[in-house]
Amino acid sequence: MDASGHVFDSYTVPEHQFADTVEALDEDSVRWVWSDTSHWYPRLLERGIVVARCHDLRLCHAILKNSEWTAGSEVTEHPAWDMPAAPPSPSENTLFDDLSVADAAQATLEAVSCGASSAPVDDPNHDESLAEFRRQADAVASSDRPGQLSLLLVAESAGALAAAEMKFHGIPWRTDIHNQILNDTLGPRPQYGGRPAKMEAFVAQIRAALDNPTVNPDSQQELLKALKRAGLAVSSTSKWELREVKHPVIEPLLAYKKMSRLYTANGWNWMDTWVRDGRFHAEYVVGGVVTGRWAANGGGALQLPATVRAAVVADPGWTLVVADAAQLEPRILSAISGDLSMADAGRGTDLYQSLVDRGIVDTRDHAKVAMLGALYGSTTGRSASLMPRLAAAFPRAIGLVEEAARVGEKGGVVSTWLGRSSPAAEDTWWAESLRNSDTPEGAPRDRARQTSRSWGRFTRNFVCQGSAAEWAMCWLAGLRTRLSSMGDARGRPHLVYFLHDEVMVHTPQAYAEAVAEAVQAAAADAGRLMFGGFPVEFPVGAEIAESYADAK
């Protein structure tokens, strides 16, 4: 019994009964509350059990603990919440209809608990899970913006379900095509280690051009020394810098570097490790970046180069629907700043061309450079010279990112639209140095200014990139729900890939058009969920193709 007099019934079940219990109790109206989706959900998927919705205590704890909106709540006093053997609990709460975590908590704590623990009912891990959920519910309820925080927790948890499902299903991958790409590009696979033949041929050309018979082009330090010794005025081995140099070594070196990236990142060893039974099973890390973007745990899921995309081929009778959101971050900026002029400029599919048509800049390239400069804080070159035009046209939008930068420069914290906050600097020495008139001019003050500007660029982009990540999670969650109503368990469209503002769905051909429509409808839903009636558009292009390469 808690302080309000509610009695909570709960019990534990042996691990071998976990999947059966979930299958018996799961309904469309149930939200499962558990410690860690990546721990509990895969075993259900292996049994063919798909959960509609959940509340991931680990992911939600990380958000609430660091959010400035929940400062002072009990959640912030607890360390990062490691996963105990927490029993999942069903909660009567639909995906987006009721976004109150506090209400969800009440429903959950009054519901029957079930899970994978053979320990007695008074097991401390079980009690701690319920206590953690209470803390999270209280933190949201006592915040200034519980609705927005609740939506963030719902979307983050739904993203965790999608990530587990994408790993389970895997991206359809033709190893025969991949192998042919490697053979054509690199030469046959080396039998006893070493480099492929075509790469080795370029090594010989590099050594001859540098008059250095032993230089190893895979060693940046050794290569840089050899380049300087040959008279090249370079400070790095970056391809961007090398392209500006005239020397016989440049062409074979750039060709070698391109081959080397393919060989090391997506070569035969990669295929042996990550592709099985015709599927690339990517391991996503939900919220793995501080802005809320996903990361990948090996395999390079977020960096599939164009070179190998031809190997991503739908199964016979199936097809791929590949979709991406156009110019997402600038559109997000217009919404979070409430800049109606910028939202109006974004109507249609090309915001950058709209800036040209309105006479704000002279070319589309300049429009893109100016907008990226505003988002990422470029203070030099073309983007800096275009900034005054952008600020005059969209004062609210530019004012928001400028203010976010000023907060960061002083060592402060900023938050996304739904309440994910930027990490606080462990030491704001630079802000103190700049405030202190005793700090001498020269190296100490210059270093402080440089650090201050760097932190300001980070917070400037954090509010936009993080809010865009939130929109993408709402989009992904809504699309996942729409796909669940198509087909049956054996022939249902399913998400197989996600990259910031891009999704890929593997679908029976009969549902391809419906999936393309669902992708676009889910994008519109995500905009309404986050920004209500604010007139911002999020156009999404969706292509139906047999191969990923054909859709790009």
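Numbering (the working numbering), first residue to last: 4 to 555.
Just so it is clear, CB atoms sit at the ideal spot from N, CA and C, and this is done for glycine as well.
Quick caveat, the model's predicted, so the values are computed rather than measured.
Note to self: Please return the same chain residues whose Cβ sits closer than 7 Å to the Cβ of valine 316, not counting the five positions on each side in sequence.
What the structure shows: Position 313 of the sequence shown, counted from the start, is the residue given in the question as residue 316. Within the same chain, valine 316 has close Cβ partners Pro175, Arg177, Ile180, Glu549, Ser550.
Notebook entry, point to check: So the alpha helix (DSSP H) tryptophan 271 belongs to, where does it begin and stop?
Noted result: In the sequence shown, counting from the first residue as 1, residue 271 sits at position 268. It spans 271-277 - the alpha helix (DSSP H) in which tryptophan 271 sits, taken as one unbroken run.
Checklist line | aspartate 368 (DSSP reduced to helix, strand or coil) | finding: Taking the first residue of the sequence shown as position 1, residue 368 is located at position 365. The answer is helix: DSSP assigns aspartate 368 an H, G or I state.
Next item on the list: Could you spell out where the alpha helix (DSSP H) holding proline 191 opens and where it closes?
Entry: Along the sequence shown, one-based indexing puts residue 191 at 188. For proline 191, no alpha helix (DSSP H) run applies, since DSSP gives it neither H nor E.
Notebook entry, point to check: So is valine 248 buried or exposed if we call it buried at 16+ other beta carbons inside 10 Å?
Noted result: One-based indexing of the sequence shown puts residue 248 at position 245. It is exposed - the Cβ of valine 248 has fewer than 16 other Cβ atoms within 10 Å.
Check: For histidine 284, which three-state DSSP category applies?
Finding: Position 281 of the sequence shown, counted from the first residue, corresponds to residue 284. The answer is coil: DSSP assigns histidine 284 none of H, G, I, E or B.
Next item on the list: Flag this pair as yes or no: are the beta carbons of leucine 305 and alanine 299 separated by less than 8 Å?
Entry: Position 302 of the sequence shown holds residue 305. Position 296 of the sequence shown holds residue 299. Yes, the Cβ-Cβ distance between leucine 305 and alanine 299 is below 8 Å.
Check: What is the rounded straight-line gap between the Cα of asparagine 69 and the Cα of leucine 358?
Finding: As a position in the sequence shown, residue 69 is number 66, starting the count at 1. As a position in the sequence shown, residue 358 is number 355, starting the count at 1. Asparagine 69 and leucine 358: Cα-Cα distance of roughly 37 Å.
Check: If we count the other Cβ atoms within 10 Å of its Cβ and call it buried at 16 or more, is threonine 510 buried or exposed?
Finding: One-based indexing of the sequence shown puts residue 510 at position 507. The residue is buried, with at least 16 neighbouring Cβ atoms inside 10 Å.
Next item on the list: Using three-state DSSP, classify methionine 507 as helix, strand or coil.
Entry: Start at 1 with the first residue of the sequence shown, and residue 507 comes out as number 504. Looking at methionine 507 - three-state DSSP - the assignment turns out to be strand.
Notebook entry, point to check: What did DSSP end up calling valine 36 once you bin it into helix, strand or coil?
Noted result: What you label residue 36 is simply residue 33 of the sequence shown in a count that begins at 1. In the structure shown, valine 36 sits in a strand (DSSP, three-state: E or B).
Next item on the list: Just tell me which of Ser76, Arg137, Gly530 has its CA closest to the CA of alanine 346.
Entry: What you label residue 346 is simply residue 343 of the sequence shown in a count that begins at 1. Looking from the CA of alanine 346, the closest CA among Ser76, Arg137, Gly530 belongs to Gly530.
Next item on the list: Please classify proline 628: does DSSP put it in a helix, a strand, or coil?
Entry: A question about residue 628 goes unanswered here, because the residues of the chain that appear run from 4 up to 555.
Notebook entry, point to check: Whose C-alpha, out of Thr462, Arg463, Glu435, is nearest the C-alpha of arginine 450?
Noted result: For this step, residue 450 is matched to residue 447 along the sequence shown. Relative to the Cα of arginine 450, the nearest Cα in the group Thr462, Arg463, Glu435 belongs to Glu435.
Next item on the list: Specify, as a first and last residue, the run of the beta strand (DSSP E) that glutamate 546 falls within.
Entry: Stepping through the sequence shown from its first residue, residue 546 is reached at position 543. It spans 543-548 - the beta strand (DSSP E) in which glutamate 546 sits, taken as one unbroken run.
Checklist line | Exposure label - aspartate 187; buried when at least 16 CB within 10 Å | finding: What you label residue 187 is simply residue 184 of the sequence shown in a count that begins at 1. Aspartate 187 is exposed by the Cβ-count criterion.
Next item on the list: Please check the pair alanine 521 and leucine 486, which I expect to be a contact at CB under 8 Å, by giving their CB distance rounded to whole angstroms.
Entry: Translated into positions along the sequence shown, residue 521 becomes position 518. Translated into positions along the sequence shown, residue 486 becomes position 483. Yes, they are in contact, since the Cβ atoms of alanine 521 and leucine 486 sit about 6 Å apart, within 8 Å.
Checklist line | Supposed contact pair alanine 408 and glycine 459 - C-beta distance, whole angstroms, cut 8 Å | finding: To locate residue 459, count along the sequence shown from 1; it is residue 456. To locate residue 408, count along the sequence shown from 1; it is residue 405. About 4 Å separates the two Cβ atoms, so the contact holds.
Check: In whole angstroms, what separates the C-alpha of alanine 554 from that of glutamate 546?
Finding: Sequence index remark: in the sequence shown, residue 554 carries index 551 (1-based). Sequence index remark: in the sequence shown, residue 546 carries index 543 (1-based). Each residue's alpha carbon lies about 6 Å from the other.
Note to self: Buried or exposed for glutamate 444, going by 16 or more other Cβ atoms inside 10 Å?
What the structure shows: Taking the sequence shown and counting its residues from 1, one reaches residue 444 at position 441. Exposed: under 16 other Cβ atoms inside 10 Å.
Next item on the list: Flag this pair as touching only if the stretch 213-226 and the stretch 167-174 have three or more C-beta atom pairs under 8 Å; answer yes or no.
Entry: At 8 Å Cβ cutoff, the stretches do not touch.
Item checked: valine 325 - partner residues in DSSP beta bridges -> Within the sequence shown, residue 325 is the residue found at index 322, counting from 1. In the DSSP output, where bridge partners are listed per residue, valine 325 has Met507, Glu546.
Next item on the list: For the beta strand (DSSP E) holding valine 499, just list the boundary residues, first then last.
Entry: As a working note, residue 499 is residue 496 in the sequence shown. From DSSP, the beta strand (DSSP E) with valine 499 extends over 497-502.
Notebook entry, point to check: Run through DSSP, which three-state label would histidine 250 get?
Noted result: Translated into positions along the sequence shown, residue 250 becomes position 247. Here histidine 250 sits in coil by DSSP.
Note to self: Can you tell me whether alanine 211 is buried or exposed? The criterion is at least 16 other CB atoms within 10 Å of its CB, across all chains shown.
What the structure shows: Position 208 of the sequence shown, counted from the first residue, corresponds to residue 211. Flag for alanine 211 reads exposed.
Next item on the list: Use the C-beta contact count for leucine 98: other C-beta atoms within 10 angstroms, 16 or more gives buried, fewer gives exposed.
Entry: In the sequence shown, residue 98 corresponds to position 95, counting from 1. Confidence is the limiting factor: at leucine 98 the pLDDT is only 40, short of 50, which leaves the residue's position unreliable, though a coordinate-based value still follows. A residue is called buried when at least 16 other Cβ atoms come within 10 angstroms of its Cβ; leucine 98 meets this threshold and is buried.
Note to self: Taking its Cβ as the centre, do 16 or more other Cβ atoms sit within 10 Å of threonine 111, making it buried, or is it exposed?
What the structure shows: Your numbering for residue 111 matches position 108 in the sequence shown. Note that threonine 111 scores a pLDDT of 33, beneath 50, so its modelled location is shaky; the value from the coordinates is reported in the next line. Flag for threonine 111 reads buried.
Check: Between which two residues does the alpha helix (DSSP H) carrying aspartate 23 extend?
Finding: The count along the sequence shown starts at 1 and reaches residue 23 at position 20. First-last of the alpha helix (DSSP H) with aspartate 23: 21-28.
Check: What's the call for alanine 161, buried or exposed, on a 16-neighbour Cβ count within 10 Å?
Finding: For the purposes of this step, residue 161 is identified with residue 158 of the sequence shown, where counting begins at 1. Its Cβ being crowded by 16 or more others within 10 Å, alanine 161 is buried.
Margin query: On the DSSP letters alone, give me the boundaries of the alpha helix (DSSP H) that aspartate 214 sits inside.
Written below: Residue mapping note: residue 214 aligns to position 211 of the sequence shown, counting from 1. DSSP places aspartate 214 outside any alpha helix (DSSP H), giving it a letter other than H or E.
Notebook entry, point to check: Over what stretch of residues does the beta strand (DSSP E) that includes aspartate 147 continue unbroken?
Noted result: Residue mapping note: residue 147 aligns to position 144 of the sequence shown, counting from 1. Careful: aspartate 147 lies outside any beta strand (DSSP E) and carries neither H nor E.
Notebook entry, point to check: Which word fits threonine 352, buried or exposed, when buried means at least 16 other C-beta atoms lie within 10 angstroms of its C-beta?
Noted result: Reading the sequence shown from its first residue, position 349 is the one you call residue 352. Exposed: under 16 other Cβ atoms inside 10 Å.
Next item on the list: Tell me whether alanine 299 sits in a helix, a strand or coil according to DSSP, three-state version.
Entry: Counted from its first residue, the sequence shown places residue 299 at position 296. Three-state DSSP puts alanine 299 in a strand.
Note to self: Tell me the rounded alpha-carbon separation between leucine 502 and glycine 380.
What the structure shows: Residue numbering aside, residue 502 sits at position 499 when the sequence shown is read from its first letter. Residue numbering aside, residue 380 sits at position 377 when the sequence shown is read from its first letter. Near 23 Å, if we compare the C-alpha coordinates of glycine 380 and leucine 502.
Next item on the list: Indicate the three-state DSSP secondary structure (helix, strand or coil) for histidine 181 in the structure shown.
Entry: Numbered from 1 along the sequence shown, position 178 holds the residue referred to as residue 181. Histidine 181: helix per DSSP, three-state reduction.
Note to self: Quick check on aspartate 59: buried or exposed, where buried means 16 or more other Cβ atoms within 10 Å of its Cβ?
What the structure shows: By 1-based counting over the sequence shown, the position of residue 59 is 56. With 16 or more other Cβ atoms within 10 Å, it is buried.
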